[in-house]
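Here's the structure we're looking at; comments come further down.
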Amino acid sequence: AAGVIQSPRHLIKEKRETATLKCYPIPRHDTVYWYQQGPGQDPQFLISFYEKMQSDKGSIPDRFSAQQFSDYHSELNMSSLELGDSALYFCASSLQNQPQHFGDGTRLSIL
Amino acid sequence: QQPVQSPQAVILREGEDAVINCSSSKALYSVHWYRQKHGEAPVFLMILLKGGEQKGHEKISASFNEKKQQSSLYLTASQLSYSGTYFCGTGRTGANNLFFGTGTRLTVIP
């Protein structure tokens, strides 16, 4: 069965640079979520989209933005990167009120 | 809004049982349980919706006490493959995003 696809798997950036993470949800899933997980931490909800519209917002910094496109893939755009942004970024998808299925994540390292 | 899990960590021998608790200060609509191995994605275990239901999957089951805003995950006859960090994720009515708990690191040793 198709799973959530995230790219890239690893990304290395320097401070003040920008980064774009991509997520391709499971086909027919109508909701996409982004989470940030620091080392030894629990996943922190950033933002979600339902049917391409932003549905909920969590602890997403103003330097970050996200959108969902007509083909349902989503992108997380991160600007003015800081050392503290180093983390695993997960995308998950689901149908409404159904379990969320996570991608393998993008490991972002800021030098 | 983050739910609190207990214990923070537990070490079991193969075949032993464990209970992981998840408590929230907010009214809950649903509780999701996930297991995450180091550096990997969280893997869905089960979902419980309000109504006090209990669900089971082989030797892993869970309960949801809506009144107490608590959920518990029961692991029986643990296996080495059960090792990992367990997270509860709580959902609110009208929203699909989850607030993940503080996590419980479970280690099963031979």
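Those protein sequences? They're chains A and B, same order as listed. Our numbering applies: residue 17 is where the first sequence begins, and numbers increase by one. Our numbering applies: residue 16 is where the second sequence begins, and numbers increase by one. Note that beta-carbon positions come from the ideal geometry of N, C-alpha and C, so glycine has one too. Quantities reported herein were computed from a predicted structural model and do not represent experimental measurements.
1) Return the CA-CA distance between residue 41(B) and residue 112(A), expressed in angstroms with no decimal places.
2) How would you write the range of the beta strand (DSSP E) that residue 33(A) sits in, first residue to last?
3) Strictly by DSSP, which residues pair up with residue 93(A)?
4) For the segment 58 to 115 of chain B, list the beta strand (DSSP E) runs that are entirely contained and at least 3 residues long, ordered along the chain.
5) Rounding to the nearest angstrom, what Cα-Cα distance links residue 104(A) and residue 54(A) in this structure?
6) Within 10 Å of its beta-carbon, does residue 127(A) have 16 or more other beta-carbons around it, so buried, or fewer, so exposed?
7) Which chain B residues are close to residue 59(A), counting only those with a beta carbon under 9 Å from its beta carbon?
8) Measure how close the beta-carbons of residue 64(A) and residue 71(A) come, nearest whole angstrom, since I'm counting them as under 8 Å.
9) Ordered along the chain, which non-local residues of its own chain (more than five positions away) have a Cβ less than 7 Å from that of residue 30(B)?
10) Under the three-state reduction of DSSP, which class applies to residue 87(A): helix, strand or coil?
Taking the definition as stated:
1) 21 Å
2) Element bounds for residue 33(A): n/a, residue is neither H nor E.
3) Residue 93(A) is bridged to 36(A), 81(A).
4) 58 to 64, 69 to 72, 75 to 80, 85 to 90, 99 to 106
5) Taking the CA atoms as reference points, residue 104(A) sits about 6 Å from residue 54(A).
6) exposed
7) In chain order: 49, 51, 57, 102, 104, 113, 115.
8) 5 Å
9) Excluding residues within five positions, the ones whose Cβ falls inside 7 Å are 92, 93.
10) coil
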